[in-house]
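For reference, the structure is listed below as structure tokens.
Protein chains: 2
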Amino acid sequence: MSQPKYRQIASELRGQIVSGALREGDRLPTEPQLQERYGVSRNTVRDATALLVHEGLVQRVPGRAGGMIVRKTASLTFHAHRAEMPAQPMAETDAWRSEVEAQGYEASQDFFLMIQSLSPDLAERLHVEPDSDAVLRRCVRYVNGQASSLQDTYYPMDLAEMVRELLSSKDVPQGTTRLLAERGYEQTAYYDEYVSRMPTPEEANLLGLQPGTPILLHIRTGYTEQRPVRVSFNVFAGDRNQIVATHGDVRIIARFRPEEAAR
Amino acid sequence: MSQPKYRQIASELRGQIVSGALREGDRLPTEPQLQERYGVSRNTVRDATALLVHEGLVQRVPGRAGGMIVRKTASLTFHAHRAEMPAQPMAETDAWRSEVEAQGYEASQDFFLMIQSLSPDLAERLHVEPDSDAVLRRCVRYVNGQASSLQDTYYPMDLAEMVRELLSSKDVPQGTTRLLAERGYEQTAYYDEYVSRMPTPEEANLLGLQPGTPILLHIRTGYTEQRPVRVSFNVFAGDRNQIVATHGDVRIIARFRPEEAAR
DNA sequence: CAGTGGTCTAGACCACGCG
DNA sequence: GCGTGGTCTAGACCACTGG
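Protein sequences, first through last, are from chains P and G. Here full-length UniProt numbering is used: the first residue of the first sequence is 1, the next is one more, and so on. Here full-length UniProt numbering is used: the first residue of the second sequence is 1, the next is one more, and so on.
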């Protein structure tokens, strides 16, 4: 029945956060203050606050003016469909940019192009031979100068040879989905997977993730009538993003969620 | 540049895991062995392994025959659409059950019914007054006897009074979506949100989550032509579930993913 | 019983960054 | 300078559980 001390301390602090006694951005008591208040050693205090850190509730900030502060949960909404439908007049990247800006933030992105040998898993998704080559187009997306998500899209090499723009390290002005459609590779079916997991150290580094921040992974495989033509891995910082998808008559939803009417 | 000791140790162990030198279910060296090997104190060893635990890679098991073992990443696939489309002959719960069983697991569930006053957030989603009552139907779903996900669905009270079966603490045989459709409340639009976050202690307890396990949250608001009629919160243990949604012509996808043909 | 991890103490020195 | 958190040590006792 009796909880260990560090859990009791964590519970009490957590209660103050979820009840609103401590608000976003507020500072928790310092470690010496918590030692004093609960009559425990510093390590016990740290065990307690480590729990809160790994729950994503609290962030530790070193330095004289630092401390432990209650994290913010600002969330950017990403629409899984807006950027994708061939009928759309807008390129993917522009769709993402306009979405971010419509939500009042500043958007920018970095682009990379690589040629990679396909892992068995990826080869199966693209229905090509393992170890065959693919074009990897990576896009790191920044919101207010802070890395927020990244997108890795793989195209089979034989397709890239038919649509040479995919091999250019420049942005495709009209968006790759439209480009492919113009060349006769219109994607008419999507297979979407959603996964939640902890980041690899590399992802945590790329996205500047605090401890206790999971990632939201959206994997989209796009099919023409004939074959899969690409697979995209969208890696979102879980504390700063959510994904929205709609089905059926969007006009009904727009009546109750005006922000959805935006197109 | 120099990494702290505990990170170096964690990196080395992580490398053995991701490279496959240590496989799922394998035991890591014990804490005394790691102290010896790296010449550090026990706390430093624990700091190192705590990192791996919170990355979801490793699970600690107390007891004589315990140790630290590499976690499994078995993943159940949940189709966001199968259970929902009014054309489906199958009830929601049965759809879930058959999906689990088709993947070779054993399925069971517990059901609860509660009446709750709506928070402002929920009231807005359902487009009713804050503090008005709603029916909450909770379903805890078990796979192989282990809690795997839970679903909380809220219906506005005025709707439940028109469709009294919603107030019964028994399962609705044909599924609530079909029931509502039969009574003239056919859902023709969905608003789906996907979120990744760390669990609350309550969720961790309900789902038996190990430290370092995030949850995948799927929020679905269902609309008839007239209004929102329900909002469902699907809480999935991130280490054991993924969600799949398809768009467009499913037959194309089925050609390359035979398991999708199962409907 | 013996060996695993779980909790806790009382110290120490360091890196950082505002005043 | 000096107070914050970051890292690390060397101990201690406990709870659990298979042999």
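All C-beta atoms in this analysis are idealised placements derived from N, C-alpha and C, irrespective of residue type, glycine included.
Under the Cβ criterion of 7 Å, P/Phe256 is counted among the residues facing chain G. Under the 10 Å beta carbon count, G/Ile115 is surrounded by fewer than 16 other beta carbons and is classified as exposed. The DSSP-derived three-state label of P/Val61 is strand. At a cut-off of 7 Å between beta-carbon atoms, G/Leu216 makes contact with chain P.
For P/Pro211, the C-beta contacts it makes with chain G under 8 Å involve His54, in order along the chain.
What P/Val40 touches in chain G, judged by beta-carbon distance under 9 Å, is nothing: the nearest beta carbon there is about 16 Å away. What G/Arg197 touches in chain P, judged by beta-carbon distance under 7 Å, is Gly56, Pro214, Gly238, going in chain order. A check of alpha carbon separations from G/Ala95 across G/Thr177, G/Ala21, G/Gly63, G/Pro29 identifies G/Thr177 as the nearest. The segment 243 to 256 of chain G makes no contact with the segment 166 to 182 of chain G: fewer than 3 CB pairs, one atom from each, lie closer than 8 Å.
Contact between the segment 64 to 80 of chain P and the segment 15 to 34 of chain P is present, with at least three C-beta pairs closer than 8 Å.
Assigned with DSSP and collapsed to three states, G/Arg197 falls in strand. In summary, P/Phe236 is buried, with 16 or more beta-carbon neighbours lying within 10 Å of its beta-carbon over all protein chains present. Neighbours of P/Ile243 across chain G, judged by C-beta separation under 9 Å: Asp192, Glu193, Tyr194, Val195. Distance from G/Leu76 to G/Tyr105 at the Cβ level is roughly 7 Å; contact confirmed, criterion being Cβ atoms closer than 8 Å.
For P/Glu193, the closest of P/Arg138, P/Ser41, P/Ala80, P/Gly208 by C-alpha to C-alpha distance is P/Ala80. Apart from sequence neighbours up to five positions away, the residues of its chain that approach G/Arg141 with a beta-carbon distance below 6 Å are Gln109, Ser148, Ser149, ordered along the chain. In the structure shown, the three-state DSSP call for P/Gln109 is strand.
Checking the DSSP bridge columns, you'll see G/Ser117 partnered with G/Asp133. Nearest Cα to P/Arg42 within the set P/Ile9, P/Glu31, P/Val172: P/Glu31.
Close partners of G/Glu202 in chain P (Cβ separation under 7 Å) are lacking, with about 11 Å as the shortest Cβ gap. Leaving aside the five residues that flank G/Ser196 on each side, the residues in its chain whose CB is nearer than 8 Å to its CB run, in chain order, Pro214, Ile215, Leu216, Leu217, Gly238.
Looking only at P/Leu51, P/Gly39, P/Pro199, the smallest Cα-Cα distance to P/Arg7 is reached by P/Leu51. Interface annotation, P/Ala189: in contact with chain G, CB-CB separation under 7 Å. Leaving aside the five residues that flank G/Leu122 on each side, the residues in its chain whose CB is nearer than 8 Å to its CB run, in chain order, Ala134, Tyr154, Val231. Between G/Ile17 and G/Tyr38, the CB-CB gap reaches or exceeds 7 Å. Interface flag for G/Asp133 against chain P is unset, since no Cβ pair is found closer than 7 Å. Under the 7 Å criterion on CB atoms, P/Ile69 is classed as non-interfacial with respect to chain G. Taking a beta-carbon distance threshold of 7 Å, P/Thr246 counts as an interface residue toward chain G. Sequence-ordered contacts of the segment 95 to 115 of chain G with chain P are nonexistent [C-beta pairs closer than 8 Å].
Proximity of P/Ile252 to chain G, defined by a Cβ-Cβ separation below 7 Å, is satisfied. For P/Tyr185, the three-state secondary structure derived from DSSP is coil.
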